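Heads up: the protein sequence lines correspond to chains R and A, in order. Quick note on numbering: the first sequence equals residues 92 to 596 in our numbering. Quick note on numbering: the second sequence equals residues 4 to 322 in our numbering. Ideal Cβ placement from N, Cα and C applies to all residues, glycine included. In this text the structure is predicted, and so the values were computed from the model without any measurement. Notes to accompany the following structure.
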Amino acid sequence: MGERLPHGEPRLELVELSKTFAETRALDRVSFDVRPGEVHVVAGENGAGKSTLIRVIAGAVTDYTGELRLDGRAVRFANPAAASAHGVATIHQELSLVPALSIADNFELTRAASPFAPRDRRRASAAAAAALARLELALEPAVLVETLSVAERQLVEIARALAGNVRVLVMDEPTSALFERDVDRLLSLVERLARDGIGVVYVSHRLEEIFRVATRISVLRDGRRVFTRPAGEVTRDELVSGLVGKAASSPPVPRVRAPRAVRLRVRGFGCDTPSRVPFDGLEFELGVGELVGVAGVDGSGASTLLHVLFGAARHTHGEVTLDGEPYSASGPRAAFARGVALLASDRHESVLGELSVLANATLSSLGAFSRAGVVDRAAERAAVAPASSRMRVKAPSLDAAAFALSGGNQQKVALLRCLLSKPRLLVLDDPTRGIDVAARADVHELLREVAASGTTILFRSTDLAELAALSDRVLVLARGRHTATLARGELDDARLLSAMMGGAA
Amino acid sequence: MRPFVPLVAVLVFGCVLNANGAFFEWQTHRAVLREISVGGILASGMTVVIVSGGIDLAVGSVLALSAVSFAWLTLLHGLPGFFALPLVLLVGAAAGALSGVLVAWPRMQPFIVTLAMMVFARGLAKELSGGQKISTYVQDPSGAFRSVPLPAVFEALDGRVLGGNVSVVTLVFLGSAFVTWVILERLRVGRYLFAVGGNFEAARLSGVPVHFTLIFAYVLSGICAALAGICQAAQETHGDPETGLGYELDAIAMVVLGGTSLMGGRGGVALTVIGALTLGYLEKVLSLNAYSSELRLMLTGVILVLAVLFQRRFGRESA
Chain R
92 MGERLPHGEP
102 RLELVELSKT
112 FAETRALDRV
122 SFDVRPGEVH
132 VVAGENGAGK
142 STLIRVIAGA
152 VTDYTGELRL
162 DGRAVRFANP
172 AAASAHGVAT
182 IHQELSLVPA
192 LSIADNFELT
202 RAASPFAPRD
212 RRRASAAAAA
222 ALARLELALE
232 PAVLVETLSV
242 AERQLVEIAR
252 ALAGNVRVLV
262 MDEPTSALFE
272 RDVDRLLSLV
282 ERLARDGIGV
292 VYVSHRLEEI
302 FRVATRISVL
312 RDGRRVFTRP
322 AGEVTRDELV
332 SGLVGKAASS
342 PPVPRVRAPR
352 AVRLRVRGFG
362 CDTPSRVPFD
372 GLEFELGVGE
382 LVGVAGVDGS
392 GASTLLHVLF
402 GAARHTHGEV
412 TLDGEPYSAS
422 GPRAAFARGV
432 ALLASDRHES
442 VLGELSVLAN
452 ATLSSLGAFS
462 RAGVVDRAAE
472 RAAVAPASSR
482 MRVKAPSLDA
492 AAFALSGGNQ
502 QKVALLRCLL
512 SKPRLLVLDD
522 PTRGIDVAAR
532 ADVHELLREV
542 AASGTTILFR
552 STDLAELAAL
562 SDRVLVLARG
572 RHTATLARGE
582 LDDARLLSAM
592 MGGAA
Chain A
4 MRPFVPLVAV
14 LVFGCVLNAN
24 GAFFEWQTHR
34 AVLREISVGG
44 ILASGMTVVI
54 VSGGIDLAVG
64 SVLALSAVSF
74 AWLTLLHGLP
84 GFFALPLVLL
94 VGAAAGALSG
104 VLVAWPRMQP
114 FIVTLAMMVF
124 ARGLAKELSG
134 GQKISTYVQD
144 PSGAFRSVPL
154 PAVFEALDGR
164 VLGGNVSVVT
174 LVFLGSAFVT
184 WVILERLRVG
194 RYLFAVGGNF
204 EAARLSGVPV
214 HFTLIFAYVL
224 SGICAALAGI
234 CQAAQETHGD
244 PETGLGYELD
254 AIAMVVLGGT
264 SLMGGRGGVA
274 LTVIGALTLG
284 YLEKVLSLNA
294 YSSELRLMLT
304 GVILVLAVLF
314 QRRFGRESA
């Protein structure tokens, strides 16, 4: 935690920034400054205006009112390239690396040079290697980005942003795709960069993280700045109530359940698909209405398990039964037909941006909303409208395109789609990745209700706190093996982590 | 409202120039509607394919193949129209199904698949007709030439109804546009088409029958091309293997001018009808006012770009 507030002239000043989109006021006269050596955390719910703020600083939004000052001089970036030329580096949530190119080639893409300048591969490779070494990343510059894991890509992206002469570094939830050990590495790096005199703007949802790195905290809500205060003077509850606009709610009550009927039984289950992390020898049972977490670092096979259950059943062996009947889904359609639904971790695989909220919500259960192939639009609306308001989906209307919604609300719509298919087994791959505290609480509450109504839920999470808060049990996978099962009473970070790292629980 | 702007602009332009009042006569408008009909039928099917995220370059060739098949069945073999018509639609459906299967399973790029189908169908049309137009002046197996009467179905399709005020092909065009509209906006498969075009992977993971949906799109486009081919044969009173050259590009232009996104997942056939009217009226206004055909082509190109630029939607950012 930053105990001292760095003095000196601000690196970056935001003066009365406002930006209005068609209907919504995304930013409303937001002002604060970022000093050299400071990690300035910007916190806010989905839709609070954080993304817009970042896009203004990064030069991606140009028609704003107000002023940006860099080292005391007013600047107005015409485009992202202008921003980076001024030493303002931005790391967006969506990765911007080109998968088919090598790491070194990706580094070269951002270098300002004439398109016809001759390429010096050796120099490019050396420059990339130096930048990777700075983050202590053991990666070859010649490796293709598409072969890297999401976490590795994120780190490479950061290394690339830092390769130039950076004065201000803007990071938009850089840890949302990372596991604990990578998070730690990243946060140490952020602290080191601040010490070197860079002004860091750090956007995050995760409270632990915020209190660890922040020098000062600015909270945004509904496009307005709620407060900017030194991190040492802000308590956890103050931060949460600032974000949500009301007092923080109490933690959930532990659930006590009677023994239940078996829904999914897995015996000697293994998978060796060439394209995925393999696993083998899995034996477990999931009860009706049970909420079970799957924990495992990258490469543990946890993600493969979810996908195989959902309908990539090729290259598997062993025995799987669903409600006592053999189960082997050859594809998503077959899985849905058996009452198994999946929510993918990547929002690009779970949300259809061009389609309306309504069409997104009913896509998996359209058969129930149509007769003889004709969609009954009134019935759709009658089913979706109450469900979406119960889930607190914030959307201009049900006919609005899904891409107009914030990330958390898109995720809620995707979850609604799964629920409308009335699944017996709901498989969720990191269901709250990259969504804010309030939306996450909504999703958790909803999942508990769904489980209570008899749906079995199997979810993977990269967030230990989430695994502990939500699960009746947690299955821990390490290197493709089931290494531990932790019951509700024994879920703490230390146990989970040591099991995930392959040790005994 | 935005799709209407280019159309209204062209109509205003037509009223102002008006070619000594010719623009205000119904027969001018009747002619425009007739001239866009064959292209409009193709564009209806094309809309469905483009919404699904693909493209169908084969429609011009399938049109020729269908025109030749129709003439071959009715003129050369004397098959009655009501029998020949469904057979030819089947030919179009088969061509579309072949493209669709290649797009759906090996996941080949629609551009390449339909480019191949475009060449193949043209070859088949020439093979079937022996490279000649199949007209009412037919050659018997014995080698002797004779003239056959033009079947009633040709005359019916080339005729006019409602007191001679509307061409039959225009009704066929509006009919196919309506059927396509129902499919896209009211049927379950329509929702699937938007889903597959908007985000294939998310659609697949949502349990959408993605393969069926893709094949459906190309079959529908093939059927529309066959229907257009039959109308073309009726209007030309023969089956010409060289007909319909470049029609696929006109159809794509109509779809795009309406505002349907070539990226898939967004658009609609009502927009395509507006696009077809815009192109048809542009051509008519320029020709009525004695602009040379060279200048007309150049102006059409310029206006196509301007109209699409104008329609491009902004504000895809979210807060």
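Counting only C-beta atoms, is A/Glu-204 closer than 8 Å to chain R at any point?
In the second sequence, residue 204 of chain A corresponds to position 201, counting from 1. Yes - at least one Cβ of chain R is within 8 Å of the one on A/Glu-204.
Since I believe R/Leu-108 is in contact with R/Tyr-155 (beta carbons under 8 Å), could you give me their beta-carbon distance rounded to a whole number of angstroms?
Start at 1 with the first residue of the first sequence, and residue 155 of chain R comes out as number 64. Start at 1 with the first residue of the first sequence, and residue 108 of chain R comes out as number 17. Contact holds; Cβ gap of about 6 Å.
Any idea if A/Ile-115 is buried or exposed, counting beta-carbon neighbours within 10 angstroms, 16 or more meaning buried?
As a working mapping, residue 115 of chain A is identified with position 112 in the second sequence. In this structure A/Ile-115 is exposed. Its beta-carbon is surrounded by fewer than 16 other beta-carbon atoms within 10 angstroms.
Between which two residues does the beta strand (DSSP E) carrying R/His-408 extend?
Along the first sequence, one-based indexing puts residue 408 of chain R at 317. That run of the beta strand (DSSP E) goes 407 to 413.
Please check if any C-beta of chain A sits within less than 8 Å of the C-beta of R/Phe-550.
Counting from 1 along the first sequence, the entry for residue 550 of chain R is found at position 459. So, not an interface residue.
Can you list, in chain order, the residues of the segment 440 to 452 of chain R whose Cβ is nearer than 8 Å to any Cβ on chain A?
Of all residues in the segment 440 to 452 of chain R, Glu-440, Ser-441, Val-442, Leu-443, Gly-444, Glu-445, Leu-446 and Ala-450 have a Cβ within less than 8 Å of some Cβ in chain A.
Is any beta-carbon of chain R found at less than 8 Å from that of A/Leu-190?
Working through the second sequence from its first residue, we reach residue 190 of chain A at position 187. Chain R contact via Cβ: present.
For the segment 265 to 273 of chain A against the segment 181 to 191 of chain A, do three or more pairs of beta-carbon atoms, one drawn from each stretch, fall closer than 8 Å, so that the two count as touching?
Touching, yes.
Quick check: is the beta carbon of A/Arg-269 nearer than 8 Å to any beta carbon in chain B?
The structure shown contains no chain B; its protein chains are R and A.
Taking buried to mean at least 16 other C-beta atoms within 10 Å of its own C-beta, is R/Val-504 buried or exposed?
The residue given as residue 504 of chain R occupies position 413 in the first sequence. Result: buried.
Counting contacts by CB-CB distance shorter than 8 Å, is R/Arg-405 in contact with chain A?
In the first sequence, the residue the question calls residue 405 of chain R occupies position 314. Among the residues facing chain A, R/Arg-405 is not included, as its CB has no counterpart in that chain under 8 Å away.
Run down chain A in chain order and give the residues with a C-beta less than 7 Å from the C-beta of R/Leu-433.
What you label residue 433 of chain R is simply residue 342 of the first sequence in a count that begins at 1. Against chain A, the beta carbon of R/Leu-433 has neighbours under 7 Å at Leu-208, listed in chain order.
I'd like to know if A/Ala-198 contacts chain R, where contact means its C-beta is closer than 8 Å to some C-beta of that chain.
Here residue 198 of chain A refers to the residue found at position 195 when the second sequence is read from its first residue. True, the Cβ-Cβ gap to chain R drops below 8 Å.
Run of the alpha helix (DSSP H) containing A/Met-120, from where it starts to where it stops:
For the purposes of this step, residue 120 of chain A is taken as residue 117 along the second sequence, with counting starting at 1. 113 to 132 is the span of the alpha helix (DSSP H), which, as asked, contains A/Met-120.
CB A/Ser-64 to CB A/Cys-234, shorter than 8 Å?
Translated into the one-based positions of the second sequence, residue 64 of chain A becomes position 61. Translated into the one-based positions of the second sequence, residue 234 of chain A becomes position 231. Cβ atoms of A/Ser-64 and A/Cys-234: not closer than 8 Å.
From R/Thr-153 to R/Pro-321, what does the alpha carbon distance come to, in whole angstroms?
To locate residue 153 of chain R, count along the first sequence from 1; it is residue 62. To locate residue 321 of chain R, count along the first sequence from 1; it is residue 230. Cα to Cα, R/Thr-153 sits roughly 30 Å from R/Pro-321.
So which residues on chain A does R/Phe-427 lean against when the C-beta distance must stay under 7 Å?
In the first sequence, counting from the first residue as 1, residue 427 of chain R sits at position 336. Taking a Cβ-Cβ threshold of 7 Å, the residues of chain A close to R/Phe-427 are Gly-210, in chain order.
Would you call the segment 162 to 181 of chain R and the segment 255 to 263 of chain R touching, i.e. three or more CB-CB distances under 8 Å?
Taking a cut-off of 8 Å for Cβ pairs, the segment 162 to 181 of chain R and the segment 255 to 263 of chain R touch, as three or more such pairs fall below it.
Stretch-stretch touch, CB-based, cutoff 8 Å, three pairs: the segment 379 to 395 of chain R with the segment 534 to 542 of chain R
Judged by Cβ distances under 8 Å, the segment 379 to 395 of chain R makes contact with the segment 534 to 542 of chain R, as three or more pairs qualify.
Using the three-state DSSP reduction, which class does R/Ser-341 fall into: helix, strand or coil?
Sequence index remark: in the first sequence, residue 341 of chain R carries index 250 (1-based). Residue placement at R/Ser-341 cannot be trusted, given a pLDDT of 44 that sits under 50; the coordinates are not used to answer.
Helix or strand or just coil, what does DSSP make of A/His-32?
To locate residue 32 of chain A, count along the second sequence from 1; it is residue 29. Three-state DSSP puts A/His-32 in a helix.
Mind checking who R/Lys-81 pairs with in its DSSP beta bridge?
Given a span of 92 to 596 for chain R in the structure shown, any question on residue 81 of chain R remains unanswerable.
Local conformation of R/Asp-520 per DSSP, three classes
Numbered from 1 along the first sequence, position 429 holds the residue referred to as residue 520 of chain R. It is a strand residue.
Using a cut-off of 9 Å between C-beta atoms, extract the partners of R/Leu-454 located in chain A.
In the first sequence, the residue the question calls residue 454 of chain R occupies position 363. Going along chain A in sequence order, the residues near R/Leu-454 (Cβ under 9 Å) are Arg-194, Tyr-195, Ala-198, Ala-205, Ala-206, Ser-209, Gly-210 and Val-211.
Give the interface partners of A/Gly-201 over in chain R, defined as CB-CB distance under 8 Å, in chain order.
Looking up residue 201 of chain A in the second sequence gives position 198. In chain order: Leu-443, Gly-444, Glu-445 and Leu-446.
Could you check what DSSP says for A/Gly-166 in three-state terms: helix, strand or coil?
The sequence position of residue 166 of chain A within the second sequence is 163, counting from 1. A/Gly-166 falls in the coil class under three-state DSSP.
For R/Thr-181, list the residues DSSP reports as bridge partners.
Taking the first residue of the first sequence as 1, we reach residue 181 of chain R at position 90. Its beta-bridge partners are R/Val-261.
Any chain A beta carbon closer than 8 Å to R/Val-465:
Residue numbering aside, residue 465 of chain R sits at position 374 when the first sequence is read from its first letter. Yes, its Cβ sits closer than 8 Å to a Cβ of chain A.
CB contact check: R/Ser-309 to chain A, cutoff 8 Å
Along the first sequence, one-based indexing puts residue 309 of chain R at 218. It does not; no Cβ of chain A falls within 8 Å.
In whole angstroms, give me the CA-to-CA distance for A/Leu-137 and A/Glu-130.
Residue 137 of chain A sits at position 134 when you count from the first residue of the second sequence. Residue 130 of chain A sits at position 127 when you count from the first residue of the second sequence. It should be noted that the sequence gives Ile, not Leu, for residue 137 of chain A. CA-to-CA, the gap between A/Ile-137 and A/Glu-130 works out to about 12 Å.
Looking only at its chain, what residues have a beta carbon closer than 6 Å to the beta carbon of A/Val-276, apart from the 5 residues adjacent to it on each side?
Translated into the one-based positions of the second sequence, residue 276 of chain A becomes position 273. Short of 6 Å from the beta carbon of A/Val-276, and not among the five residues preceding or following it, lie these beta carbons of its own chain, in chain order: Ala-180.
Could one say the Cβ of R/Pro-487 lies closer than 8 Å to chain A's Cβ atoms, at least one of them?
In the first sequence, residue 487 of chain R corresponds to position 396, counting from 1. Not closer than 8 Å to any Cβ of chain A, the Cβ of R/Pro-487 fails to qualify, so no.
Strictly under 8 Å for the Cβ-Cβ distance: is R/Ser-461 near chain A by that measure?
If you number the first sequence from 1, residue 461 of chain R lands on position 370. True, the Cβ-Cβ gap to chain A drops below 8 Å.
I want to verify the contact list: residues of chain A whose CB lies under 7 Å from the CB of R/Leu-72, in sequence order.
Any property of residue 72 of chain R remains undetermined from this structure, which presents chain R solely from 92 to 596.
Count the other C-beta atoms from every protein chain shown that fall within 10 angstroms of the C-beta of A/Met-301, then say buried if there are 16 or more, exposed otherwise.
Walking along the second sequence from the start, residue 301 of chain A turns up at place 298. A/Met-301 comes out exposed.
Cβ of A/Thr-281 within 8 Å of Cβ of A/Leu-10?
Mapped onto the second sequence, residue 281 of chain A falls at position 278. Mapped onto the second sequence, residue 10 of chain A falls at position 7. A contact, by the Cβ cut-off of 8 Å.
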